[in-house]
Amino acid sequence: MRVDPRNSDNLVVGTKTGLFFSYNAGTDWTGPCLTNSFTSQRQDVTGLLTSDNGSSTDIHVAIGTRGFNTTVQPDLDQNGANGMYHTTFPASGCPASWTLQNNGWPAGTGSGNATTNILGRIDIAMSPSNPDVIYAEVGSITTFGLLGVWRTTDGGATWEQRADVNDLTGCFGDWSQNWYDQGLAVDPNNPDNVFMSTVDLFRSTNGGDTFVNLTCGYAGGNDVHVDHHALAFVDASSDTLLVGSDGGVYVTLNADAADPDAVAFTNLNESLSTIEFYSGDITANFATSANPGINAGAQDNGSSVYVWNGAVGPAEWQMTTGGDGMFARIEPVQGLRWYQESQNGGLKVSTTGPFGTYVGAAGAWFGDTLSFILPYEIYKYNCIGICNHMIAGTNRVWETIQGAVPTSSWHANSPNLTKNTLGNRSFIQQLSYAVSDATIAIAGTLDGNVWYGFEMGQGVANSATWVNVTGSNTVLPNRPIMDVATHPFIPTTGYASLGGFDENTPSTPGHVYQVVCNADCSSFNWTNKSGNLPNVPINSIIVNPRIPTQVFAGSDWGLYYTDDITVANPVWVHFTDGLPNVMIWDMAIDRGFTTLAVFTRSRGAYAWPLPGDPVAPFENMHFLPIVVRQ
């Protein structure tokens, strides 16, 4: 989003479908407005600048492509419109005309022809000291790495390619993911000094002719986390540059040091709680235990653990496995098996507690269609001695009754449960044992199916019986099933939380549904329990085992709860006291039913004591952070 420098009531926003304009500070919007006539092509706005030219406001727009063609997004190869466009801020409505600024760009730029346009994602930055100087960092639509850096010195009328991947010096830092990590910032006092984000951070002092790597993340560099996204100078200082990466926020106070090796960075995350958790778990009887523990996986920040020793104050987690941390679980009875996972199903286990050696615990599922974030669960409630029953989801359900030790104990225990409508995205998104019965499981798929499994836990491949309770999506919306859960005492009463938006399935709106089955699910009925929930994805759902009518829903907008899921239109309350209003990706309740743990995608993890019956006044109860430092 950019503000008109001549009138702060005028706003312009870039989206995946073009531009939207507001002339009353965001109250009303006009759009989508397209920079070109190629309506069959993608219109992703990947760069947007405004500047005062003295008589009007210039708007520079980069149409680019973030990502690559998939079954879910089959048009990401339709990049024919990609390029640089210019107009001036209109008095109202959409701009009447646009100019394609393709002088100096490769042939096919902005041609409308995807087969001849080689431009992928485009990020742009303007020199604060000379608005005629604009840089563009461009990813390749074919290699997905850096295609090059372009510069204009006349406000976009003509452009020149200044660098390509061969002009990156220092340790190598261009990986094939410029669709994911790109960014530019120009020194506020010197238009020849430009900083460029890719996997690492690069600097040019000669107008983009050559770039030197300042961070060298994979080569041991200066401990700045890889995958850079955001750059910002502070107070018009050439020295002070903020850097945002998958590891959080960093700052350098000597960004313009003559020697690139002298540029030093400071980690600013110690007092921030910005970790992006995918999943987590807590030890049994968390609220009353002398040494409660937590285990969680974070986006591009590995898996980390913490066990409290009674000390008061900030808790610094300890990373135990690297890569992308995914699902994390704890065997609750003995507390010695801690499970962690890296991307694409790389399950590991320590059998000697949270700080032991983590070894491979994955099944033979790598030939299946599976999620980047493969879900798995351990049954932790009615087991005695040790909890050994685990399930994992690819496009099939896998099970072990030996706690994944050895790995050969995993066996496929279902057919393909998906519709096969999403290509390599047709997989199980989430699954769970029934709280009260480890012989029953429930699974939801990204392509809109829900299944119940019976006769689980026999230790024999394909011995379970699975029943599809989707009902052809007549009632249950045909959208991604983000999570599933069961009633704590009635295993064939289940819940599904859904992604997407009502506009995708207007005849079946809603994001929380309840299914009630007979004993073998040969008959079942779905009911929309969304009530007054907002029209946003619900990523996680869980039932309070102490009060089965109380259900928690983790959404893109934070946590909601209802005290009575049994009514036709449940009243959902937005829980904000002590909990930030951010995306919630996973929730866990401990064995012993003392605590609800919430894992967020940008503000760490939080714990809350579960109420018993009668419910304590919510206004007197607060979530407490269990991530303070990372």
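Under my numbering, think of the first position of the sequence shown as 11, with each following residue one higher.
We put the CB at the ideal spot given by N, CA and C, even for glycine.
Local Cβ density within 10 Å of residue i, reported as buried at 16 or more and exposed below that
i      : result
Pro516 : exposed
Gln344 : exposed
Phe499 : exposed
Gln560 : buried
Lys390 : buried
Gln111 : buried
Thr3   : In the structure displayed, the chain extends from 11 to 640; residue 3 sits before or after that span and is not available.
Ile285 : buried
Ser121 : buried
Ala529 : exposed
Thr45  : buried
Gly36  : exposed
Ile551 : buried
Gly307 : buried
Trp327 : buried
Val244 : exposed
Met466 : buried
Ala265 : buried
Asn405 : buried
Val359 : buried
Bridge-paired residues (DSSP) for residue i
i      : result
Arg1   : One cannot answer for residue 1 here, as it falls past the ends of the chain, which runs 11 to 640.
Leu129 : Ser150
Leu432 : DSSP lists no partner for Leu432.
Leu251 : Phe243 and Thr262
Ser313 : Gly307 and Thr331
Ile552 : Phe562
Val644 : What the structure shows of the chain is the stretch from 11 to 640, and residue 644 is not part of that stretch, so it cannot be assessed.
Cys43  : Leu29
Val71  : Leu58 and Tyr95
Asp202 : None; Asp202 has no bridge partner.
Trp476 : Gly463
Met136 : Ile144
Asn277 : Tyr260
Ala422 : Trp408
Coil, strand or helix - residue i by DSSP
i      : result
Asp197 : coil
Thr605 : strand
Val561 : strand
Asn591 : coil
Ser283 : coil
Asn176 : helix
Ala272 : helix
Ser6   : Since the displayed the chain opens at 11 and closes at 640, residue 6 lies outside it and no answer follows.
Gly2   : Since the displayed the chain opens at 11 and closes at 640, residue 2 lies outside it and no answer follows.
Gly57  : strand
Ser643 : The displayed coordinates of the chain run from 11 to 640. Any statement about residue 643 would go beyond what the structure contains.
Ser532 : coil
Gly463 : strand
Thr417 : helix
Gly481 : helix
Thr81  : coil
Tyr571 : strand
Cys104 : coil
Ile620 : According to the sequence displayed, residue 620 carries Leu and not Ile. Leu620: coil per DSSP, three-state reduction.
Cys527 : strand
Met597 : strand
Gln440 : strand
Leu110 : strand
Arg76  : coil
Phe182 : coil
Whether or not the stretch 392-409 and the stretch 445-456 are in contact is what I'm after, with contact meaning three or more pairs of Cβ atoms, one per stretch, closer than 8 Å; do they touch? yes
If you scan the stretch 208-245 from start to end, which runs of the alpha helix (DSSP H) of 4 or more residues do you find wholly inside it? none
In chain order, what are the residue ranges of uninterrupted beta strand (DSSP E) at least 3 long that sit wholly in the stretch 341-408? 348-352, 356-360, 386-388 and 400-403
Length at least 3, wholly inside the stretch 484-524: the beta strand (DSSP E) runs in chain order: 491-496 and 503-508
Decide yes or no for the touch test of the stretch 297-304 against the stretch 247-258: beta carbon pairs closer than 8 Å, at least 3 of them. no
Do the stretch 193-204 and the stretch 232-243 touch if we need at least three Cβ pairs shorter than 8 Å? yes
Would you call the stretch 79-86 and the stretch 22-35 in contact, with 3 or more CB pairs under 8 Å? no
Do the stretch 589-596 and the stretch 275-292 touch if we need at least three Cβ pairs shorter than 8 Å? yes
Are there three or more Cβ pairs, one per stretch, closer than 8 Å when the stretch 66-81 is compared with the stretch 126-138? yes
Pairs of beta-carbons, one from the stretch 95-103 and one from the stretch 142-154, closer than 8 Å: are there three or more? no
Assess contact between the stretch 466-475 and the stretch 502-520, defined as three or more Cβ pairs (one per stretch) separated by less than 8 Å. Is contact present? no
Could you tell me whether the stretch 272-279 touches the stretch 342-361, using the rule of 3 or more Cβ pairs below 8 Å? no
For the stretch 410-417 against the stretch 567-576, do three or more pairs of beta-carbon atoms, one drawn from each stretch, fall closer than 8 Å, so that the two count as touching? no
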